[in-house]
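2 protein chains.
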Amino acid sequence: MTLPARPFVAPLVLYFEDYPPGRVFELGDIDVDPIEVQAFAQRFDPQPFHIDAAAAAQSAYGGIIASGWHTASLAMRLLTETFLSPDSSLGSPGIDELRWLLPVRPGDRLSGRASILSARRSQSQPDRGIAITLIELRNQHGATVLTMKAVNLLRCRPA
Amino acid sequence: MTLPARPFVAPLVLYFEDYPPGRVFELGDIDVDPIEVQAFAQRFDPQPFHIDAAAAAQSAYGGIIASGWHTASLAMRLLTETFLSPDSSLGSPGIDELRWLLPVRPGDRLSGRASILSARRSQSQPDRGIAITLIELRNQHGATVLTMKAVNLLRCRPA
Chain A
1 MTLPARPFVA PLVLYFEDYP PGRVFELGDI DVDPIEVQAF AQRFDPQPFH IDAAAAAQSA
61 YGGIIASGWH TASLAMRLLT ETFLSPDSSL GSPGIDELRW LLPVRPGDRL SGRASILSAR
121 RSQSQPDRGI AITLIELRNQ HGATVLTMKA VNLLRCRPA
Chain B
1001 MTLPARPFVA PLVLYFEDYP PGRVFELGDI DVDPIEVQAF AQRFDPQPFH IDAAAAAQSA
1061 YGGIIASGWH TASLAMRLLT ETFLSPDSSL GSPGIDELRW LLPVRPGDRL SGRASILSAR
1121 RSQSQPDRGI AITLIELRNQ HGATVLTMKA VNLLRCRPA
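These protein sequence lines are chains A and B, in that order. Going by my numbering, the letters in the first sequence line up with residues 1 to 159, in that order. Going by my numbering, the letters in the second sequence line up with residues 1001 to 1159, in that order.
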C-alpha cells in the first residue's frame, strides 16, 4: 500500500485532565488518496463498489467509494496527530455507534472534530481516566460522512 | 503496505433470504502479518505501542500490538470471503458496540464467526432487507479478541 506523504506533526503532551466534557478538538484535514482507496479495499474490503470502477458506476453509489474501514482509519490518523498524546494514550476498549453517513470518494478531503462527551476517573486504577468522545468527519462540501463515539483510556497528569 | 498472499475465494451467491436470525457463518482464518501490522500502524495509527518495539515492551501490552482498526479490517476481509455476496451486499450504514477485548499481536492467527441477530425486510425499499450480525474474532488460543454488531443492507433474491 502506498503511504501518502504527510508532514510530521510533533506529539502532543496531554493528560486525562486535558479532556474535560465539552472541550472540542479540531483535528485538521486529510486527503483520500485514490491509490490508497484501491489498495486498502483490495486487501481488506474487495467488494465491487470499492474496487471495480465499472461495477461501482452501475451501483447505487455511482462510482468507487472508499471502504468504511479506510475512512475510519483516516479518522484514527487525525486523532493520533491532534487529539491523542503518547504521554497519556493507553488504548481503547472500543467504539460505539460507528456510522457511515455518506459515501467517501477518491480525491475527497476530510476534516475532523472530536468533542468530549464525558470523562471520569477510574475507580479501580486511579492513575487514569476514561473519556468518551464524539468523532465527526466532514468532506470538502461540509457534509458529515462519519460519526462515532470512541472510548479512550487516558493517563492522569503525574503528581 | 505489503499485501500478504491470500488464496482466491470464489464470490458467494447469497441474498437477504439466506441470512435468517440464528444462522451462523464460520468465516475462516487469517494471519496477522507482522510487516502489515507495522505498515498499517505507521500510516493510520502511529502510537508507540503499535510501532515502537522498545516503547511497546515498556507499556502495559508488553510488546507491539496491532491497531484495532487493522484487526477490524482483517475481520472485514473474512466477511467479504465467506459472508457477504457481491450479488446482494449493498453496503453498511454502520457498526455498533465494536469491542477490542484482548490485544492482537504480530503472528497471531484469527478466526471469525458471524451470527445473524436479526433480519427484517425494508418497508420503504422492498427489494432489500437489513440484517444485524454479531461478528466475533478469536485468536489461535481460542480467546475472543474482537466483537462487533454489523448492520448490512442486503438485496432480496430476484423474483
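Even glycine gets a Cβ: it sits at the ideal position worked out from N, Cα and C.
* CA-to-CA distance, ALA57/A to MET76/A, given in whole angstroms -> Position 76 of the first sequence, counted from the first residue, corresponds to residue 76/A. Position 57 of the first sequence, counted from the first residue, corresponds to residue 57/A. So the alpha carbons of these two residues sit roughly 29 Å apart.
* Residues in the stretch 1123 to 1135 of chain B with C-beta within 9 Å of chain A's C-beta atoms, listed in sequence order? -> none
* Name the DSSP bridge partner or partners of THR144/A? -> Here residue 144/A refers to the residue found at position 144 of the first sequence. THR144/A is bridged to ARG138/A.
* Please name the residues in the stretch 75 to 86 of chain A whose beta-carbon is closer than 8 Å to at least one beta-carbon of chain B, in chain order. => MET76, ARG77, THR80, LEU84, PRO86
* Tell whether a beta-carbon distance below 9 Å holds between TRP1069/B and SER73/A. => Walking along the second sequence from the start, residue 1069/B turns up at place 69. Walking along the first sequence from the start, residue 73/A turns up at place 73. Against a cut-off of 9 Å, the Cβ pair of SER73/A and TRP1069/B comes out as a contact.
* Name, please, each residue of chain B whose Cβ falls closer than 9 Å to the Cβ of ARG99/A. => Position 99 of the first sequence, counted from the start, is the residue given in the question as residue 99/A. Within chain B, the residues near ARG99/A are PRO1093, GLY1094, ILE1095.
* Asked: CB ILE64/A to CB PHE44/A, shorter than 9 Å?
  -> On the first sequence, position 64 is the one that residue 64/A refers to. On the first sequence, position 44 is the one that residue 44/A refers to. Their beta carbons are not under 9 Å apart, which means ILE64/A does not touch PHE44/A by this criterion.
* Could you tell me which residues DSSP puts in a beta bridge with ILE132/A? => Along the first sequence, one-based indexing puts residue 132/A at 132. Answer by DSSP bridge pairing, in chain order: SER118/A, VAL151/A.
* To do: Output the distance between the C-alpha atoms of ILE1095/B and THR1133/B, rounded to the nearest integer angstrom.
  => Along the second sequence, one-based indexing puts residue 1095/B at 95. Along the second sequence, one-based indexing puts residue 1133/B at 133. Between ILE1095/B and THR1133/B, the C-alpha separation is close to 10 Å.
* Asked: CB-CB under 7 Å to GLU1081/B, same chain, minus the five flanking residues each way: which ones, in chain order?
  -> What you label residue 1081/B is simply residue 81 of the second sequence in a count that begins at 1. Excluding its 5 nearest sequence neighbours in each direction, GLU1081/B has C-beta neighbours in its own chain below 7 Å: VAL1009, GLY1028, listed in chain order.
* Alpha carbon to alpha carbon, how far is GLY62/A from PRO1086/B? Give it in angstroms, no decimals. => Taking the second sequence and counting its residues from 1, one reaches residue 1086/B at position 86. Taking the first sequence and counting its residues from 1, one reaches residue 62/A at position 62. Rounded to the nearest angstrom, the two C-alpha atoms are 16 Å apart.
* Asked: From what residue to what residue does the alpha helix (DSSP H) around GLY68/A run?
  -> Sequence index remark: in the first sequence, residue 68/A carries index 68 (1-based). Per DSSP, GLY68/A belongs to the alpha helix (DSSP H) from 68 to 82.
* Since I believe ASN152/A is in contact with VAL104/A (beta carbons under 8 Å), could you give me their beta-carbon distance rounded to a whole number of angstroms? => Within the first sequence, residue 104/A is the residue found at index 104, counting from 1. Within the first sequence, residue 152/A is the residue found at index 152, counting from 1. Not quite, the Cβ-Cβ distance comes to about 24 Å (not below 8 Å), so this is no contact.
* Terminal residues of the continuous beta strand (DSSP E) containing GLU36/A? -> The residue given as residue 36/A occupies position 36 in the first sequence. GLU36/A -> not in any beta strand (DSSP E); alpha helix (DSSP H) instead, spanning 34 to 44.
* To do: Could you name the residues of chain A that PHE1049/B contacts, counting a contact when the two beta carbons are closer than 8 Å?
  => Residue numbering aside, residue 1049/B sits at position 49 when the second sequence is read from its first letter. The answer, in chain order, is GLY91.
* Asked: Are SER111/A and ARG155/A close, meaning C-beta to C-beta below 9 Å?
  -> Your numbering for residue 111/A matches position 111 in the first sequence. Your numbering for residue 155/A matches position 155 in the first sequence. No, they are not a contact pair.
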